[in-house]
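Engineer: Sharing a structure below in structure tokens format, with a few things to ask.
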Amino acid sequence: MSSSTELKEQFLKQFQSFENTLNGERELPFHKIRKDAIEKFSSLNFPSVKDEEWKYTNINPLLSKEFKSADSIPEVYSEFIAKYLFDKKEFITLVFINGYFSKEFSEIDSLPKGLVLETISEAIKKHPKLVHNYFSKSASAEKNIFTALNTAFADHGTFVHVEENAAIEKPIQILYVTKADDIFVSPRNLFLISKNAQVKIIETYAGIGDKTYFTNQVTEFVVDQNAVVEHVRIQDEQLQSYHISTMSVDLEKSSNFSSYNINFGGSLVRNNVNVRFNDSFAECRLNGLYVTEGTQFIDNHTAIDHAKANCLSNELYKGILNDTSRGVFNGKVFVRQDAQKTNAYQQNKNILLSNDALVNTKPQLEIFADDVKCSHGATVGQLDKDQLFYLKARGIQEKEAKAILIYAFASDVVHSISMLQVRDQLEALLAKKLL
Amino acid sequence: MIEIKNLHANIDGREILKGINLTVNKGEVHAIMGPNGSGKSTLAQVITGREDYEVTQGEVLFNGKNLLELSTEDRACEGIFLAFQYPVEIPGVSNTTLLKNALNSIRKYRGEEELDAMEFLTLVKKKMSLVELSEDLLRRSVNEGFSGGEKKRNEIFQMAVLQPKLAILDETDSGLDIDALRIVANGVTKLKSPENATIVVTHYQRLLNYIVPDFVHVLYNGKIIKSGDKSLALELEDKGYDWVIEEAAEFA
């Protein structure tokens, strides 16, 4: 039996045990979504490098591992968690450890008016209608085996519903911490942002421990008319871990969505970011940063679907790669026939800090409308020698000088994040990785 | 302060400096003049430690230390400052970031306490007036979008903050209009003290009207072929370089 079928068998078996833990919840209509998904999972194959979408991303190391489901909440040092948390007075804070909601570290009392915030398992019971209407719609389990797997095990994660006209001032931070113990976790988020609503959400994925684990994560966003969303995703998983994620975003008329997808951690990381313009005059910004070292591998696949006219997408992904690490960027932009007056800009820039680092970058624009403004570009380079000499000639030590230049390179990815605390933390995480 | 003895340097296997001898003591201002391509900027870059140049012979002592063994950054920390001919633009790095890191790195090297944000700001504001730069420059990226004159003034401003022992001004006058030239030269003159020294690299006499040199050297084809006092600069302005070159050829 190949490792890919072995891993599949493992997950199928674990689904049975998972079902047993659900008790009465198995009778809820929601469980049918899980059962359909596990069937889908069973019928799909894990991708190989022969698949165009996975050409540079060999997941065999993941497939050869064994993962069990996390069955309880382990002890995690509070110092470790504190490193990723923002000021709880200024942020609404949810912490999950090994997938389980941690009341101890969270701060969700006295939520502002217009904000519904639940764990997914609670939302299934309390808001069945909303969940039924939106869950697994934006991110379909039909074709993606990892989304199918996540959907089958959907029980841990966060449900956010911002009601019409509500502007939530406090940002919501959701921290998923995993203690490495050969386990897999399936965080699942459903974020419903109603008409004229505003919200800022930060998702953080972090890990601790020497063993391995597998985070298989899905986030669905539905952003209704005139809604404004700022979303930051920080991935700083432990270096033996595997991380596969899909974020799927549906944008309605005149909505505005900003995404910052920041990646530091993981042994093998694959992020899929899919944005659909379902109506006109919407805007989205997709910014991304990946910083790799050692033998790390980080792959970002983004796809923006300009289905309707008069929308704007602005995408900037930057990579900083050291040692023998590798990066992949694939950015698709579809501009459909109806999507006249589309503005779509895409850039991917990379700095290689060593001779053995490698990045594969592939911008992919498919344009079927004729009155559009689109551009794309990709660069791969080293630190600028003249700039480095200039800083050193002012007395700055080489290591710091390099860090300053690297931070400058990364800064335009994050400088438009409105939350100062978030920018500061990112700066600290970047400095920790560089120095 | 600095003793350069029989210095030879190559770039890409081509010899540019062919035996430079030069001694600069504290309190002195030396001008190095010469036609294009004579090796003036190379000398400035070699003293600063640019790695593109390979020193093949000779030695450079800076306050008794073997300079050629030190990295560029350590030379700067020892007190060498190069005002660049073409200051590079560094988008994303503010002038504050540059200066604060530089100043504290130098202080750390010398075993001094690092400056806190307030002390730093006070110092920087004091020095800004010297070259008539406005404070919003601090937040701007290093040299990004600066005019030629602003770039040169920024170099002198950095020099004022870092207070080097030896400042090398590489063609600081090139591309400056007369007002900017006066501002830059006044800045340099005000920074002069009995404890520091200045090497002014230029090919026009004009700057030397403002920064009066104690010694003038003519660099030609990788060697200093004539030295004199400030009157030599005026003579060069008047008669060009040919007569010095011919004179040197006769002696050779």
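If you read the sequences in order, they're chains A and B.
Counting in the numbering used here, the first sequence runs from 1 upward without gaps.
Counting in the numbering used here, the second sequence runs from 1001 upward without gaps.
Where a beta carbon is used, it is the ideal one built from N, C-alpha and C, also for glycine.
1) Of the residues A:Phe96, A:Glu25, A:Ser186, A:Ile59, which one's Cα is nearest the Cα of glutamine 14 of chain A?
2) Bridge partners of aspartate 299 of chain A, per DSSP?
3) Quick one: list the residues of chain A neighbouring leucine 1138 of chain B, beta-carbon separation under 7 Å, in chain order.
4) 8 Å is my cut-off, CB to CB: does serine 411 of chain A come that close to chain E?
5) If you measure between the beta carbons of asparagine 189 of chain A and glutamine 235 of chain A, is that distance less than 8 Å?
6) Identify the residues that DSSP records as bridge partners of isoleucine 174 of chain A: which are they?
7) Given a threshold of 16 other Cβ atoms within 10 Å of its Cβ, counted over all protein chains shown, does arginine 1110 of chain B qualify as buried or as exposed?
8) On the three-state DSSP scale, how would you describe asparagine 1209 of chain B?
9) Could you please tell me which residues of the stretch 387-401 of chain A, in chain order, have their CB closer than 8 Å to any CB of chain B?
10) Might you give, ordered along the chain, the residues of its own chain that have their beta carbon closer than 6 Å to the beta carbon of valine 291 of chain A, omitting 5 neighbours on each side?
11) Closer than 7 Å, Cβ to Cβ, to anything on chain A: give me those residues from the stretch 1040-1059 of chain B, in chain order.
12) Do you know how far the Cα of glutamate 1235 of chain B is from the Cα of glutamine 1045 of chain B?
13) Chain A partners of glycine 1092 of chain B, CB-CB under 7 Å?
14) Give a yes or no on whether 8 Å exceeds the smallest Cβ distance from tryptophan 1115 of chain B to chain A.
15) Count the other CB atoms within 10 Å of the CB of proline 1164 of chain B; is the residue buried (16 or more) or exposed (fewer)?
16) Identify the residues that DSSP records as bridge partners of glutamine 347 of chain A: which are they?
17) Spatial neighbours of lysine 1125 of chain B within its chain, please: CB distance less than 8 Å, with the 5 preceding and 5 following residues excluded, ordered by chain position.
18) Taking isoleucine 404 of chain A as the query, report the chain B residues whose CB atoms sit under 7 Å from its CB, ordered along the chain.
19) In the DSSP assignment, find the unbroken beta strand (DSSP E) run with histidine 132 of chain A in it and report its ends.
20) Is it the case that the stretch 45-63 of chain A contacts the stretch 155-164 of chain A, given that we only count it when at least three CB pairs across the two stretches are under 8 Å?
21) Taking serine 78 of chain A as part of the beta strand (DSSP E), name the residues at either end of that continuous run.
22) With 16 other CB atoms within 10 Å as the buried threshold, where does alanine 141 of chain A fall?
23) So which of B:Met1001, B:Ile1011, B:Val1029, B:Ile1004 has the shortest CA-CA distance to valine 1200 of chain B?
24) According to the neighbour-count rule (16 or more other Cβ atoms, all chains shown, within 10 Å of its Cβ), is serine 254 of chain A buried or exposed?
25) Run the CB neighbour count on aspartate 356 of chain A, radius 10 Å, all protein chains shown included, and call it buried at 16 or more, exposed below.
26) Who are methionine 1159 of chain B's beta bridge partners in DSSP?
27) In three-state DSSP terms, what is lysine 1100 of chain B?
28) Just to make sure I have the definition right: I need the residues of chain A whose C-beta is within less than 8 Å of the C-beta of valine 1188 of chain B. Which are they?
29) With 7 Å as the C-beta to C-beta threshold (strictly closer), list the residues of the stretch 1234-1245 of chain B near chain A in chain order.
30) So, are the CB atoms of isoleucine 124 of chain A and valine 160 of chain A less than 8 Å apart?
31) Provide the residue span of the alpha helix (DSSP H) that contains arginine 285 of chain A, from first to last.
32) List, in chain order, every chain A residue whose beta-carbon is nearer than 7 Å to that of isoleucine 1106 of chain B.
33) Do you know offhand how far threonine 219 of chain A's Cα is from serine 121 of chain A's?
34) Taking buried to mean at least 16 other C-beta atoms within 10 Å of its own C-beta, is aspartate 1173 of chain B buried or exposed?
35) Please work out which residues of its chain come closer than 6 Å, Cβ to Cβ, to asparagine 272 of chain A, disregarding the five sequence neighbours upstream and downstream, and give them in chain order.
36) Just checking: is the beta-carbon of glutamate 1073 of chain B within a distance shorter than 8 Å of some beta-carbon in chain A?
Structural biologist: With the given structure in hand:
1) It is A:Ser186.
2) The beta-bridge partner set that DSSP reports for aspartate 299 of chain A consists of A:Arg270, A:Val328.
3) Against leucine 1138 of chain B, chain A offers no close residue; the least beta-carbon distance is about 15 Å (beta-carbon pairs closer than 7 Å).
4) The chain labelled as chain E is not found among the protein chains of the depicted structure, namely A and B.
5) No, these two residues do not count as a Cβ contact at 8 Å.
6) DSSP output for isoleucine 174 of chain A lists A:Leu94, A:Glu203 as bridge partner(s).
7) It counts as exposed.
8) Helix at asparagine 1209 of chain B.
9) Under the 8 Å Cβ criterion, the stretch 387-401 of chain A contributes Gln387, Phe389, Tyr390, Leu391, Lys392, Ala393, Arg394, Gly395, Ile396, Gln397, Glu398, Glu400, Ala401.
10) Within the same chain, valine 291 of chain A has close Cβ partners Phe264, Ile320, Lys433.
11) Taken in chain order, the members of the stretch 1040-1059 of chain B whose beta-carbon sits within less than 7 Å of a beta-carbon on chain A are Thr1048, Arg1050.
12) Going by the C-alpha atoms only, they are around 27 Å apart.
13) Result: Ala408, Phe409, Ser411, Asp412.
14) The sequence given here places leucine at residue 1115 of chain B; tryptophan does not occur at that position. Not one chain A Cβ lies under 8 Å of leucine 1115 of chain B.
15) Within a 10 Å sphere around the beta-carbon of proline 1164 of chain B sit 16 or more other beta-carbons, which makes this residue buried.
16) Answer by DSSP bridge pairing, in chain order: A:Leu316, A:Gly377.
17) Contacts found: Glu1135.
18) What isoleucine 404 of chain A touches in chain B: Val1093, Thr1097, Asn1101.
19) It is not in any beta strand (DSSP E) - histidine 132 of chain A instead sits in the alpha helix (DSSP H) that spans 128-134.
20) Cβ pair count under 8 Å is below three, so no.
21) Per DSSP, serine 78 of chain A belongs to no beta strand (DSSP E); it is in the alpha helix (DSSP H), 78-82.
22) Burial call: buried.
23) Residue B:Val1029 is the option with its Cα nearest to valine 1200 of chain B.
24) Serine 254 of chain A comes out buried.
25) Result: exposed.
26) Looking at the DSSP assignment, methionine 1159 of chain B forms no beta bridge with any residue, so it has no partner.
27) Helix at lysine 1100 of chain B.
28) At a C-beta separation below 8 Å, valine 1188 of chain B has no neighbours in chain A, since its nearest C-beta there lies roughly 17 Å away.
29) Taking 7 Å as the upper bound on Cβ-Cβ separation, chain A lies near no residue of the stretch 1234-1245 of chain B.
30) No, Cβ-Cβ distance for isoleucine 124 of chain A and valine 160 of chain A is not below 8 Å.
31) Per DSSP, arginine 285 of chain A belongs to no alpha helix (DSSP H); it is in the beta strand (DSSP E), 283-292.
32) Chain A residues near isoleucine 1106 of chain B: Gly395.
33) Threonine 219 of chain A and serine 121 of chain A: Cα-Cα distance of roughly 15 Å.
34) With 16 or more other Cβ atoms from the protein chains shown falling within 10 Å of its own Cβ, aspartate 1173 of chain B counts as buried.
35) Scanning its chain for C-beta atoms nearer than 6 Å, with the 5 sequence neighbours on each side dropped, one finds around asparagine 272 of chain A the residues Thr246, His301, in chain order.
36) At a cut-off of 8 Å between C-beta atoms, glutamate 1073 of chain B counts as an interface residue with respect to chain A.
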